[in-house]
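Residue numbers (my numbering), protein chains in the order written: chain A, 30 to 583; chain B, 1333 to 1416.
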């Protein structure tokens, strides 16, 4: 049976975009139940930072994983690390297989592919949480290493470790906050008392970013060196579905962050919208002109490529091709190019931005959102950038930026771009029908086209965000209880969807597909790195300069 | 928008194919398809000659490769008015 968008409700059961909304809102609603003291999401497993020497002396899943429940979900404690992993696997496999069935995917292949990707993901995530890779030094080890030693690392958030050490010292009668310094012996005793501080001879201090990079590397190795296995996984490798679901969960995080910093969140959203609007007006005409004049591409090829490079990647190239009634082979070819280049951007840009502009976190995030095509690659790049910059800033200054603001900047700009594509494609369709093909009396372009091209996951994102803002405004007494369930959905659950995206995006990226795409590849590379990236950075700087994430109290 | 005739549209790699009920029209360009639809409707006798007929053509998104469908969910719909 054909899939045609005719009514506004079409696609609600059949597209991954809508399924991201359903999966996202289902867990969002489940998370809200903690307001009434019922924890429906506490079974979700979460990673723990572990140290291999300690692990081998007493190997146990409980050293690696734990149920993520809050106060209302103490009953989940009995699941332990392995039980919660199993519960997570069962819940998400059942839900995604139901989604796969309605999306007309091969459910058996999806189930097998998803199962493999799920366990590869968790293996990469657990390895990435080994303390030598992940753990950061405590604040004391950075600023007062002559007293505490420079080898004290923290297996949780660094401000917590610092507070634990200070509390232990206070118990010994030394008030560090009042300016008293301990002796080396007292400091050593306090470190030993802090349950999340460990001494290690070395540590890479990569934060959570190492897990992301590892998952991506594993996915890319499979996608490019084990192509038979990659084909086996392909039905279950749905990075766009996974990341859109994660973005709905991120709406909860933004809601929680807005409770603490409403003005900053609003400023970020508005600046992102303005930056995207300006960037749009610059990107598209420049790349279209380059395609036509410098690379002698046909009008339709140039338009599709311009949208793909300068707007939102694959989605934009399909939307534009449809709007100008191009043959479907054109966006398919362009999309192959975009997917591969998005991966190159994902690998290169976070490291580059973090190294070149370590003091411009939000500018970097917003520039990422305007430069990296495809939602999956952008969110993934934003997540790596966030982890990298927060860790780097802490290492160099001892000050901790609140996590996820840089990621939010990357996602907010991308979301505005995604929203605009429907309008832009509609405008292009009007231009094509009434000016290029010149058949205004014979054809009609329906405004419904805007809705059909609207990214539906954005609805879930805003519902989640605004609900938590509403709770903060109208039911402030419920914030604490609401945060408990929200914390599970927006943290381990969201990060799992990110991790699944990293593996899946690697699996479907085959660099070999660049062969034989000659002129298109050259134009794409030149436009991206010589036009899009510099302009995006400049526009991001104009609208976001001076913005830094709030700091976490020590 | 209401249409007198509902058709779905695909592209087989070489040409556009529009189908709706017993009406089938094929062409390398959409203009050729539109001409084919006009002829087919005229031949079908379903509408009086000289009448103006609104035809809806919705692109069948199932013909887009599976791996690509996760990025976008719509290609295009079009309405044409044919004078028989």
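Idealized CB from N, CA, C, for every residue including glycine.
In its own chain, which residues sit with a C-beta less than 7 Å from the C-beta of residue i, not counting the 5 before and 5 after it?
i	result
residue 512/A	285
residue 206/A	195
residue 1406/B	1393
residue 378/A	397, 400, 401, 410
residue 342/A	367, 371, 402, 403
residue 562/A	400
residue 540/A	253, 369
residue 412/A	241, 436, 527
residue 67/A	101
residue 1382/B	1416
Comparing alpha-carbon positions, which option in the options lies nearest residue i?
i	options	result
residue 487/A	263/A, 277/A, 75/A	277/A
residue 265/A	140/A, 237/A, 292/A	140/A
residue 152/A	418/A, 108/A, 75/A	75/A
residue 444/A	461/A, 56/A, 485/A	485/A
residue 102/A	34/A, 60/A, 301/A, 185/A	60/A
residue 200/A	222/A, 183/A, 208/A, 115/A	222/A
residue 289/A	330/A, 505/A, 429/A	505/A
residue 538/A	80/A, 262/A, 161/A, 311/A	262/A
residue 80/A	108/A, 249/A, 94/A	94/A
residue 356/A	1339/B, 1344/B, 1380/B	1344/B
residue 1365/B	354/A, 570/A, 531/A	354/A
residue 142/A	269/A, 258/A, 407/A	258/A
residue 309/A	335/A, 551/A, 155/A	335/A
residue 33/A	1390/B, 1367/B, 1349/B, 1363/B	1390/B
residue 1297/B	1363/B, 1361/B, 1353/B, 1346/B	Examination of residue 1297/B is not possible in this model, given that chain B is present from 1333 through 1416 alone.
residue 1336/B	1410/B, 1388/B, 1396/B, 1409/B	1388/B
residue 154/A	217/A, 386/A, 228/A, 78/A	78/A
residue 416/A	454/A, 237/A, 166/A, 39/A	237/A
residue 226/A	260/A, 209/A, 186/A	186/A
Could you tell me how far apart the beta carbons of residue i and residue j are, in whole angstroms, since I believe they sit closer than 8 Å?
i	j	result
residue 333/A	residue 346/A	5 Å
residue 450/A	residue 348/A	5 Å
residue 105/A	residue 71/A	4 Å
residue 365/A	residue 542/A	5 Å
residue 1416/B	residue 1369/B	Actually they are not in contact, since the Cβ atoms of residue 1416/B and residue 1369/B sit about 10 Å apart, beyond 8 Å.
residue 521/A	residue 431/A	Not quite, the Cβ-Cβ distance comes to about 18 Å (not below 8 Å), so this is no contact.
residue 57/A	residue 493/A	5 Å
residue 414/A	residue 382/A	6 Å
residue 99/A	residue 63/A	6 Å
residue 458/A	residue 474/A	5 Å
residue 439/A	residue 420/A	Not confirmed; about 17 Å, so no contact.
residue 247/A	residue 149/A	6 Å
So, for residue i: in the same chain, excluding its five sequence neighbours on each side, which residues have a beta-carbon less than 8 Å away from its beta-carbon?
i	result
residue 452/A	479
residue 526/A	271, 272, 274, 275, 278
residue 307/A	568, 571, 572
residue 1413/B	1384, 1385, 1386, 1387
Leaving out five residues before and five after residue i in sequence, what residues of the same chain have Cβ atoms less than 6 Å from its Cβ?
i	result
residue 298/A	441
residue 170/A	177, 179, 181
residue 303/A	572
residue 1372/B	1355, 1357
residue 498/A	284, 287
residue 490/A	276, 277, 280
residue 316/A	335, 338, 339, 556
residue 1341/B	1350, 1389, 1391
residue 519/A	278, 281, 282
For a test of your reading of the model: does the CB of residue i fall under 8 Å from any non-hydrogen atom of the ligand ADP? Yes or no.
i	result
residue 50/A	Judged by which ligands are present, the structure shown has none, so any question about the ligand ADP falls away.
task: Report the residues of the region 240-261 of chain A with a CB closer than 9 Å to any CB of chain B, ordered along the chain.
output: none
query: Taking Cβ-Cβ distances below 7 Å as the criterion, which residues of the region 519-543 of chain A are in contact with chain B?
result: 537
Complete alpha helix (DSSP H) runs within the region 150-233 of chain A (minimum length 4 residues, chain order): 160-163, 168-172, 174-177, 187-200, 213-222
query: Using a Cβ cut-off of 9 Å, which residues of the region 485-512 of chain A contact any Cβ in chain B, in chain order?
result: Against chain B - using a Cβ distance shorter than 9 Å - the residues of the region 485-512 of chain A are 485.
query: Using a Cβ cut-off of 7 Å, which residues of the region 119-135 of chain A contact any Cβ in chain B, in chain order?
result: none
field: Interfacial residues, the region 362-382 of chain A to chain B, with Cβ spacing under 8 Å
entry: 364
field: Members of the region 1335-1362 of chain B near chain A, C-beta cut-off 7 Å
entry: 1340, 1343, 1345, 1362
- prompt: Along the region 381-407 of chain A, what residues have a CB closer than 8 Å to any CB found in chain B?
  reply: Listed by position, the residues of the region 381-407 of chain A near chain B (Cβ gap below 8 Å) are 403.
message: Tell me which residues of the region 344-363 of chain A have at least one Cβ-Cβ distance to chain B shorter than 7 Å, keeping chain order.
response: 344, 347, 348, 351, 352, 354, 356, 357, 358, 361
- prompt: Which runs of the beta strand (DSSP E) spanning at least 3 residues fall entirely within the region 477-511 of chain A, listed in chain order?
  reply: none
message: Just to confirm the assignment: which complete beta strand (DSSP E) runs, minimum length 3, are found wholly within the region 65-124 of chain A?
response: 74-76, 94-96
- prompt: Unbroken alpha helix (DSSP H) runs of length 4 or more, entirely within the region 400-469 of chain A: which are they?
  reply: 404-426, 434-460
Residues from the region 38-54 of chain A in contact with chain B, defined by Cβ distance under 7 Å: For the region 38-54 of chain A, which is checked against every Cβ of chain B, the residues closer than 7 Å are 40, 44, 45, 46.
task: Determine which residues of the region 269-287 of chain A have a Cβ less than 7 Å from any Cβ of chain B, and write them out in chain order.
output: 269, 270
field: Within 8 Å of chain B by C-beta, residues of the region 545-572 of chain A in sequence order
entry: none
task: Closer than 7 Å, Cβ to Cβ, to anything on chain B: give me those residues from the region 194-206 of chain A, in chain order.
output: none
message: Using a Cβ-Cβ cutoff of 7 Å, what residues of the region 309-320 of chain A are near chain B? List them in chain order.
response: none
query: Mind pulling the alpha helix (DSSP H) runs of 4 or more residues that sit fully within the region 272-337 of chain A?
result: 291-318
task: Can you give me, in chain order, the residues of the region 1363-1381 of chain B that have a beta carbon less than 9 Å from any beta carbon in chain A?
output: 1363, 1366
task: Identify every run of the alpha helix (DSSP H) within the region 1341-1377 of chain B, keeping only runs that are complete inside it and at least 4 residues long; order them along the chain.
output: 1362-1376
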